[in-house]
Amino acid sequence: MERTDNSMDQAQRTAEYKEYSPRESRLSEERYLLFLEDITAVFDGFKALDVEALGIEHNELRVIIGPNGAGKTTLCDVVSGKTRPTTGYVFYDGADITNQTEEEIALRGIGRKFQTPTVFDSLTTYENMELALPGHYRLWSNLFGSTTKDQEERILEILERVGLIDELHREAKYLSHGQRQWLAISTLILSDPKLLLVDEPAAGLTDAETALTAELLLELKDDHTLIVIEHDMDFVRQLDSFVTVLNEGAIMAEGMMRDVQQNEEVIEAYLGR
Amino acid sequence: MSRVTIFCLITLLSTFFSPGLAPPSSAQSNDEFIRAEVQKLAAESGAIRKAAVMTLAKSGDMRVEAILESFKLAELYLWNDVVVLCKEMLEDDDYNEFCRLSDALTGEPLLDASGKQYEIPIEELQEIAPSRAERKLTNSAKFLARLSSPDREIRMSGAKKCGDPPGIIESVSQLEAMSENDPVKKIRYIAKESLLLIRLNQTTLERDSEAHLGIVRELGKMKSMRGLPRLQETYDGLAQGFEIPVAAKDEATKTYKFAVDQINGYQSFVGGVGNVFRGLSLGSVLILMALGLAITFGLMRVINMAHGELMMIGAYATFEMQRLFGHSPDNPSDLYYVAALPVAFLSAAIVGYLIEILVVRHLYRRPLESLLATWGIGLILIQIVRIRYGDNIGVNAPTWARGGLEVMQDLIVPYSRCFIIVLCGLCVLLIYYLMNHTKLGLRMRATMQNREMANSVGVNTGRVDRYTFAFGSGIAGVAGCAWTLIGGVTPDMGQTNFIIDSFLVVVTGGVGELIGVICAGLGIGVLTKVIEPTTIGPFVVGAIWAKILLLIIIVGFIQFKPAGLFAPKGRLSDV
Amino acid sequence: MFRIGALKQVGDFLQDAGRSKQSSTVNRGISFFVPWVLFFVGLVVIPLLYYTGLITIGTVNMLGRYMAFAIVAVGLDLIWGYTGILSLCQAFFFSLGGYAMGMYLAHHGGPEGIIDANGWKIPACLYVVYPYKVGEAPADALVPWFWKPFYTLPVTTVLGLLVPGLAALAIGYFGFRSRVRGVYFAILTQAITVAGWLVFCMNNMKLCGTNGLTRFDRIAGFKLTNPSVKVSLYVITLLALVGVYLLCKHVVKSRVGRILIAIRDDEPTLRFSGYKPYIYKLFAFCLAGMIAGLGGMLYAPQMGIFTPTNMEASASILVVVWVAVGGRGALSGAILGALAVNLLYNFFTSEKNLWLLTWKAEYWQFVLGGLFIGVVLLFPGGLIDLWRRLVGTQDNDITTYT
Ligand SMILES: Nc1ncnc2c1ncn2[C@@H]1O[C@H](COP(=O)(O)OP(=O)(O)OP(=O)(O)O)[C@@H](O)[C@H]1O
Ligand SMILES: [Mg+2]
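Protein chains in written order, with the numbering used here: chain A, 125 to 397; chain B, 2 to 576; chain C, -7 to 394.
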């Protein structure tokens, strides 16, 4: 695949990807939390995703951008187990998770926020949050356990932060789109996964709210790894992180936002449109 | 004519001409000849009577069978030295018995001068009573007589009967001729089979082992179904080690085994093909049912549990048409079925249309609710029909759908089932054409894929739904009409027999494409019919266990393909 | 660690939350009172009416049977109303329980039977299977092995719960494992019910064929015809109903209840939160199956006969209509619905002379069909929801079904 040289950083990283193969190094490499190798996802002969190598390091915040239909969501689907890749491997934390189920992958610590915010409509905001509490996956503990004071405090803390505290006992189906977006982000944060896949967190939010989202994500960066997908360039700039540009399923460019922005190819494919 | 000449003549006839083809040299002389023989039936001597029976049997005249039957039943009497027939006894008030006389040969009433049928007191008649041995002989002679019939069905049954145990030895020469010369292939086969069976009886392993085994071999080669029980019997005897003083017992056992295996192999092959065929026709009905279900489910995400009742309506519409045309087995009026097909389609389609606008319309994308509501509709429809028609009605198939075509030896495919398969094929083609080459089909597919989009580009999705639903219902009606050819009709036939099976077809096939439903329908139909008669040890699987086995197979299948054979594609396909 | 600055208002909000939680428990709606009112009526009013001679023992017995149905309905509400899985094999589980108890009753049934070669008394209804008349059983007729465990009441009770539970486990395992959902699951369970019905109808299964289990006589040594035994059975059924109600109430109030609702709303998403939905579905399905089995066990002695008609396809869908009429997603609705529909059935299946037409029992099918359509089209929330809308109270015990 042809790549343009944006910066030293990018060239260096790409070179490293190309040499690196988790399979060959017998999963001993500790550098990457998530590594996609030779991943393709083909639907009905249409190649939605074709990534040769993509590595996300520990505690990295990676932004993925790309035009509509570039395969960003499909990438998340592949990582989270929703879609089986046609070929290739997904390595996470030293293990091959390519063929694991959604639950298993989630239990390993990969959390996800969907592009269209998914919340449980018949449950109240508070109950939605309760379900997101980590460590309550066993039937027994759910049958007899109850939420502790600490957990309750934490839930209220987050909801307070995102301004959902007034909606505590309203069923989620009555929430507005923005509120659902917040609730989805809140449940993701509450569930405290190691790796967060955040698909368009700022869609449908005001500028102030977008800024808050960016702030929240940056706070998380300290001890989490994040993959953030976004169309809103201001938001991406606020995050100021390493960016991967996807186009037609393949990685087109990688680098810091300011460098990527200068890339002719990217401009043509995406920014210029 | 002297007896010798007659005998020579008969022998000549039967040896050199195929009997059915032998035309009576002239009707007049033939009549005379037969009358003379009939007269001999009244002879004093048993030997003459027997000879007469045989002569008659070989005469090739069609009327002989009736005469022999009368002779056997002692309905022939001697009156004024003429043999007459009396089938009817009258009794007057004083308990005197009278006989109504008919001509022994023609069976026509014998008329006196005034044109009235003779009624003669029984005392004036001399009874002709055949002995036991004669009765037995007459019985075989009857079949012998059939061999000479010009009618192929009668000839065929005669050829068959002659070979059935114990076998009519007298027929050998005639059978030989038939097996070579009869114009009908099937009759040649049967004649040869009968011949071999008779010879098998005449020869034994002990005396003429070579000839016997030769016959066994030949029967095996012919894959004779009728020979099987006898071969099997002897084979079992041999295998169980009966002390048969046979020179080469191993050889005999081997020959028998080979022949039995040959026949069994062929029969199970034929049986298998027959089952597959029955399965195909059942599958065709299931497909007709499932197509409507799959289309409406794909289009509106509703489950129509009343679909079985729409089929039932089709069947009852057929029944009504039969009544209207006055069709009955005795008085066939085959046109009724031609009218019944469109009527069944229309009546089911109209009811379907009503169901759509009254109930289903409000239940889009709520499959579980639609399941309940349409089940309720089904209950109401069943009850209406039950009150109107009672619990059981009979639909008589039109004459052309009776019987079948023997495509191979012993393999008969009933016309009714052929018709159903063809009908199903036509419906599938029609649906394919409608879906892919018409405006309605285009609109339908558009609505199926994205209702809102279709709506906004000007497709009247409501109308598309109504028409589609009505069309699917109509196809179910056609299925009901077709079903009347091969199955019974009751008000709850849909609910008990079809709705679940056709849903299983949809589940297995997937709602993605027509082809899925077709494959699944044929698969389920054939599997059902193939599993049903299978034996496990001493047990026959039977209809119920076949159903359960099939269910297990389907559940197993779903483990691997949860969305069915042909899953709907795209990322919004999650139901 | 992600930290949000400790806001000073948090304390206030905590209090707020506490208050609103309390208020939710104080503000009880109809769905809370219905079971207790029913319980009171059932335990006090009905026996009172009986002992004062205002209603006959037949009525008490009938109500007892309807309560057994209500038990099944509560189970179905758990799996359908809360979890959103339409199971059409509750009648099958009900019958498994019923057959278990029926076999126990047949063991101890009349009349004097034949002792087989192993010293077991052959239950009278089994003669039909053999098929010899009473007193004609030859020496080689034996009590089938699977009849033997059901000789004692404790074992029968355990098995009557266990067998439907295991059946549910098997069906659920294969169904949920392959992610069969929605109508597909409904159809599959329907097919299983029909298959079960066919098997139980077979004579050579030694389950007494279509005649069913008959000639019940005694339960735990007491004669079933005795009115006080009937009243006792009625009370036991009522208590069982209350027990089942409380059990299910606990389940739906616990986090499991919320998970079940989440499954109903959006099962795929739940997976990405790390829950294994099929475990919870299996749990609810098995629980519902065992509850249905319990209902069957209580129904058999009160009915005095247990036939395969109890597991016809239509019987399963009938359970669904009870729950739908009462109001799915509210356990009390299930109870209310089961009682209401059955009382309606009782009312409409007797011949009546109305003004213009004679009402015949067979017209019940029209009423039933109308109920199916009406409850789906006009009152999707059922009786409970109707009442709530009329009175206009907020009700926190109901999860509305949309
Ligand atoms: N399950 C599926 N079946 C068929 N095609 C699919 C499926 N999933 C994704 N695709 C196709 O893959 C392509 C990439 O889709 P994807 O949703 O990943 O794009 P995206 O980058 O997230 O776009 P957007 O910015 O609009 O969200 C699209 O053309 C889509 O149609
Ligand atoms: Mg996307």
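Here a beta-carbon is modelled for each residue, glycine too, at the ideal position from N, C-alpha and C.
In terms of Cβ geometry, Leu342 (chain B) and Val512 (chain B) do not form a close pair [threshold 8 Å].
When the beta-carbon positions are compared, Ile180 (chain A) and Ile309 (chain A) stay at least 8 Å from each other. For Cys482 (chain B), the enclosing alpha helix (DSSP H) covers residues 462 to 487. Unbroken beta strand (DSSP E) runs of no fewer than 3 residues, entirely contained in the region 195 to 238 of chain C, are not found. Between Ile63 (chain C) and chain B, the shortest Cβ-Cβ separation is not below 8 Å. Sequence-distant partners of Gly50 (chain C) (beyond 5 residues in either direction) whose C-beta falls short of 7 Å from its own C-beta are missing from its chain.
Within chain C, not a single residue places a beta-carbon under 7 Å from that of Ala521 (chain B); the smallest gap is close to 13 Å. DSSP places Ile163 (chain A) inside the beta strand (DSSP E), whose first and last residues are 156 to 167.
By a beta-carbon distance limit of 8 Å, Asp245 (chain A) does not contact Lys171 (chain A). Their separation comes to about 35 Å. Remark: C-beta atoms of Tyr257 (chain B) and Val286 (chain B) do not approach each other more closely than 8 Å. Annotation for Phe567 (chain B) indicates a beta carbon at 7 Å or more from all heavy atoms of ligand 1. Interface annotation, Thr242 (chain A): in contact with chain C, CB-CB separation under 8 Å.
For the pair Thr229 (chain C) and Met322 (chain B), the Cα-to-Cα distance works out to about 54 Å. In the same chain as Leu247 (chain A), and ignoring 5 residues on each side of it, the C-beta atoms closer than 8 Å to its own belong to Leu255, Glu295, Ala296, in chain order. Ile188 (chain A) is a Cβ neighbour of Thr368 (chain A), given a cutoff of 8 Å. Gly327 (chain B) carries a coil assignment under DSSP once its states are collapsed to helix, strand and coil. Scanning B:Pro122, B:Ala240, B:Ala260 for the CA closest to the CA of Asp251 (chain B) turns up B:Ala240.
A straight line joining the alpha-carbon of Phe25 (chain C) with that of Asp331 (chain A) spans about 49 Å.
Neighbourhood of Lys268 (chain C) in chain A, by CB distance below 8 Å: Glu227, Tyr261, in chain order. Interface with chain B (8 Å Cβ-Cβ cutoff): Tyr176 (chain C) is included.
Not one heavy atom of ligand 2 sits closer than 7 Å to the Cβ of Asp392 (chain B). Around the CB of Val339 (chain B), fewer than 16 other CB atoms lie within 10 Å, so the residue is classed as exposed. Under the three-state reduction of DSSP, Leu406 (chain B) is assigned to strand. Gly235 (chain A) and Asn192 (chain A) have their C-alpha atoms spaced approximately 23 Å apart.
For Phe567 (chain B), no alpha helix (DSSP H) segment is defined, and its DSSP state is neither H nor E.
When CB distances to chain A are screened at a threshold of 7 Å, the residues of the region 275 to 302 of chain C falling below it are Phe275, in chain order. Ile180 (chain A): member of the beta strand (DSSP E) spanning 170 to 181, first to last residue. In chain order, Asn53, Gly56, Arg57, Ala60, Lys222, Leu225, Tyr226, Thr229 place their CB closer than 8 Å to the CB of Gln294 (chain C), counting only its own chain and leaving out the 5 sequence neighbours on each side. For the region 245 to 260 of chain A, the set of residues with a beta-carbon nearer than 7 Å to any beta-carbon of chain C comprises Asp245, Ser246, Leu247, Glu251, Glu254, Leu255, Ala256, His260, in chain order. Secondary structure of Phe238 (chain A) (DSSP, three-state): coil. Of all alpha-carbon atoms in B:Gly526, B:Phe320, B:Val361, B:Met409, the one lying nearest the alpha-carbon of Leu289 (chain B) is that of B:Gly526. Using a Cβ-Cβ cut-off of 8 Å, Ile309 (chain C) counts as an interface residue toward chain B, since at least one Cβ of chain B sits closer than that to its own. Counting the other Cβ atoms within 10 Å of the Cβ of Trp137 (chain C) gives fewer than 16, which makes it exposed.
The Cβ neighbour count for Thr75 (chain C), taken over all protein chains shown within 10 Å, is at least 16; the residue is labelled buried.
In this structure, the CA atom of Val384 (chain A) is about 12 Å from the CA atom of Met357 (chain A). Contact annotation for Arg236 (chain A) against chain C: Phe264 [CB-CB distance below 8 Å, chain order].
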